[in-house]
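K.L.:
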Amino acid sequence: MYVIKANGKKEKFNFSKIVRTGIRAGVPKIDAEKIAKAVEEEAYDGITTKEVLDMILAALDEKRVGYASKYDLKGAIMRLGPSGFPFEKLVAEMFERLGYSAVTDVIVRGRCVPHEVDVIAEKEGMRAMIECKYRNFPGVYIGLQKALYVWARYEDLQAGHKMKKCEKFDTAYLICNTRFSEQAMQYASCIGLELKGWNYPPNESISDILTRNKIYPVTVLRSVNSRTLQMLSDARMMLCDDLIEKKLIKTGISRNRAKRIMNEVAGVLENN
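Heads up: the sequence shown is residues 37 to 308, going by this note's numbering.
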C-alpha cells in the first residue's frame, strides 16, 4: 500500500514510523502499535499523508489529553508563521535550553558587507552563527544553494573578524523545520557546516531536541483557536511552559477556556 506525500511523491505505508512517532509523543508502545494497526486497516492505496495524520490524531485524542498535541509537533511548527512567533525565536529558545546564551536578529559587519544573523549562540567561549530557514508547508527541501549561501556569509564574517570588524564565530549552523537535499547534506559534511533539520541528524534533529527539552509552542494545543492564539501572541506567551492560568485570564481568555488550555498543557508537559 502506498501513501501520497505532500510533494506528490509516493512512499510505502510505514507502520513502524507511526509507532516510533507515537512513542516519541509519550504514547505507550502497546497503544502506539494498536493505533498504527487500526490506521493500517482503514487506510487504502493512494491515501494522502494528511488523511493518515488526521486518522492518527483522532485516535490519539481518544487515548489521553496531550498525546495528539505532541504527535503533531511538526504541524505546530508550520503554524508558527501566522501566529506571529518567528521560527528563529524558537531556535534561540532551543539553544538556551542546551545551555547557550542566544540573541536573535543581530547585524554583524563582515569584510565586504553587514549581515543580519538570525541567531547568535554562545557557550563556554564557543560562538555560533545560525541561519534559520522556515517553511510553513510540507514536502519542501532546503537545497544546496542555501548551504552555499550560508557558508559564504560565514566566510565573510570570518574575514571581517580578521579585520577587527566583528567578533569571531567558531561555527555556522543552517537550521530548518523541514528536510535537506542530499547535495546540501553532502556539501555541509565536506565543508564543516552544521545542519539541523526536522529529522536530521539522527537523535540530534530539531524534533529530537524540542521533544527532549519539552519546548512546545502553543500552536500544538488543540484547545487553542485562532482568536485565542492571537491573544497569546499579543501577550508574548508562545511556549507551553510560558502559560500560567492566572496570566491566561489576564489576557482576556475566559476562565473555562483557560482551564481547558491548562489541562492540555499539563498533558503535553508531563513526563513521557
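Backbone N, C-alpha and C define an ideal beta-carbon position, used for all residues, glycine too. It should be emphasised that the depicted structure is a prediction, and the values quoted were computed from it without experimental measurement.
If I measure Cβ to Cβ from MET162 and keep anything under 8 Å in the same chain, skipping five residues before and after, which residues do I get?
P.N.:
For the purposes of this step, residue 162 is taken as the residue at position 126 of the sequence shown. Here the set comprises ASP206, THR207.
K.L.:
Grab the span of the alpha helix (DSSP H) containing VAL260 for me, first residue to last.
P.N.:
On the sequence shown, residue 260 is found 224 positions in, with the first residue counted as 1. Here VAL260 belongs to no alpha helix (DSSP H), and DSSP marks it neither H nor E.
K.L.:
By the DSSP assignment, the beta strand (DSSP E) with GLU255 in it spans what residues?
P.N.:
Position 219 of the sequence shown holds residue 255. Residue identity differs from the one stated: residue 255 is Thr in this sequence, not Glu. Segment: none, THR255 is in no beta strand (DSSP E) and carries neither H nor E.
K.L.:
To the nearest angstrom, how far is the alpha carbon of PHE51 from that of CYS148?
P.N.:
The sequence position of residue 51 within the sequence shown is 15, counting from 1. The sequence position of residue 148 within the sequence shown is 112, counting from 1. About 51 Å.
K.L.:
I want to know whether the segment 141-157 touches the segment 189-203 - three or more CB-CB distances under 8 Å.
P.N.:
Segments in contact, yes.
K.L.:
Provide the residue(s) that pair with ALA224 in DSSP beta bridges, ordered along the chain.
P.N.:
Locating residue 224 in the sequence shown gives position 188, counting from the first residue. ALA224 pairs with nothing; no bridge assigned.
K.L.:
Have a look at THR247, MET199, GLN181 and flag the residue whose alpha-carbon is nearest the alpha-carbon of GLU218.
P.N.:
For the purposes of this step, residue 218 is identified with residue 182 of the sequence shown, where counting begins at 1. Nearest option by C-alpha distance: GLN181.
K.L.:
Is GLY62 buried or exposed, if buried means 16 or more other CB atoms sit within 10 Å of its CB?
P.N.:
On the sequence shown, position 26 is the one that residue 62 refers to. Counting Cβ neighbours within 10 Å, GLY62 comes out buried, since at least 16 surround it.
K.L.:
Identify which residue in ILE227, GLN222, ASN249 has its Cα closest to the Cα of TYR236.
P.N.:
Within the sequence shown, the letter at position 200 stands for residue 236. Of the listed residues, the one whose Cα sits closest to TYR236 is GLN222.
K.L.:
If we call anything under 8 Å between Cβ atoms a contact, is ALA42 one with GLY175?
P.N.:
Position 6 of the sequence shown, counted from the start, is the residue given in the question as residue 42. Position 139 of the sequence shown, counted from the start, is the residue given in the question as residue 175. Going by C-beta atoms, ALA42 is nearer than 8 Å to GLY175.
K.L.:
Sorry if obvious, but does the Cβ on TRP234 come closer than 7 Å to a heavy atom of the ligand MG?
P.N.:
The ligand MG is absent from the structure shown, which contains no ligands of any kind.
K.L.:
If distances are taken between C-alpha atoms only, which option among ARG60, LEU265, VAL301 comes closest to ILE289?
P.N.:
The residue given as residue 289 occupies position 253 in the sequence shown. Residue LEU265 is the option with its Cα nearest to ILE289.
K.L.:
Report the residue from ILE83, GLU230, GLY117, MET91 whose alpha carbon sits nearest the alpha carbon of VAL254.
P.N.:
Here residue 254 is taken as the residue at index 218 of the sequence shown, counted from 1. Of ILE83, GLU230, GLY117, MET91, the residue nearest in Cα terms is GLY117.
K.L.:
Measuring CB to CB, does GLU300 end up less than 8 Å from GLY102?
P.N.:
Locating residue 300 in the sequence shown gives position 264, where the first residue counts as 1. Locating residue 102 in the sequence shown gives position 66, where the first residue counts as 1. Yes.
K.L.:
Nearest by alpha-carbon distance to PHE131: which of MET199, ALA112, ALA68, GLU240 is it?
P.N.:
On the sequence shown, residue 131 is found 95 positions in, with the first residue counted as 1. Among MET199, ALA112, ALA68, GLU240, the Cα nearest to that of PHE131 belongs to GLU240.
K.L.:
Specify, as a first and last residue, the run of the beta strand (DSSP E) that ILE66 falls within.
P.N.:
Numbered from its first residue, the sequence shown carries residue 66 at position 30. Premise fails: ILE66 lies in the alpha helix (DSSP H), 65-78, not in any beta strand (DSSP E).
K.L.:
Report the residue from GLU281, PRO64, PRO122 whose alpha carbon sits nearest the alpha carbon of CYS168.
P.N.:
Position 132 of the sequence shown, counted from the start, is the residue given in the question as residue 168. Nearest C-alpha to CYS168: PRO122.
K.L.:
For the beta strand (DSSP E) that TYR38 lies in, which residues bound it at each end?
P.N.:
The residue labelled residue 38 in the question sits at position 2 within the sequence shown. Here the beta strand (DSSP E) through TYR38 covers 38-40.
K.L.:
Rounding to the nearest angstrom, what Cα-Cα distance links THR84 and ASP154 in this structure?
P.N.:
In the sequence shown, counting from the first residue as 1, residue 84 sits at position 48. In the sequence shown, counting from the first residue as 1, residue 154 sits at position 118. One C-alpha to the other measures close to 34 Å.
K.L.:
Please confirm whether THR287 and MET267 have their CB atoms less than 8 Å apart.
P.N.:
Position 251 of the sequence shown, counting from 1, holds the residue named residue 287. Position 231 of the sequence shown, counting from 1, holds the residue named residue 267. Yes; because the gap between Cβ atoms is below 8 Å, this pair is in contact.
K.L.:
Exposed or buried, SER225, counting other C-beta atoms within 10 Å across all chains shown (16 or more means buried)?
P.N.:
Locating residue 225 in the sequence shown gives position 189, counting from the first residue. It is exposed - the Cβ of SER225 has fewer than 16 other Cβ atoms within 10 Å.
K.L.:
Does the Cβ-Cβ distance between ILE40 and LYS46 come in under 8 Å?
P.N.:
In the sequence shown, the residue the question calls residue 40 occupies position 4. In the sequence shown, the residue the question calls residue 46 occupies position 10. In contact: ILE40 and LYS46 (Cβ atoms closer than 8 Å).
K.L.:
Around the Cβ of GLY196, are there at least 16 other Cβ atoms within 10 angstroms (buried) or fewer (exposed)?
P.N.:
The count along the sequence shown starts at 1 and reaches residue 196 at position 160. Buried is the call here.
K.L.:
In chain order, which continuous runs of the beta strand (DSSP E) of length 3 or greater are located wholly inside the segment 95-146?
P.N.:
Taking only runs of at least 3 residues, the beta strand (DSSP E) segments lying wholly in the segment 95-146 are 137-145.
K.L.:
Would DSSP call LEU275 helix, strand or coil?
P.N.:
Taking the sequence shown and counting its residues from 1, one reaches residue 275 at position 239. Strand.
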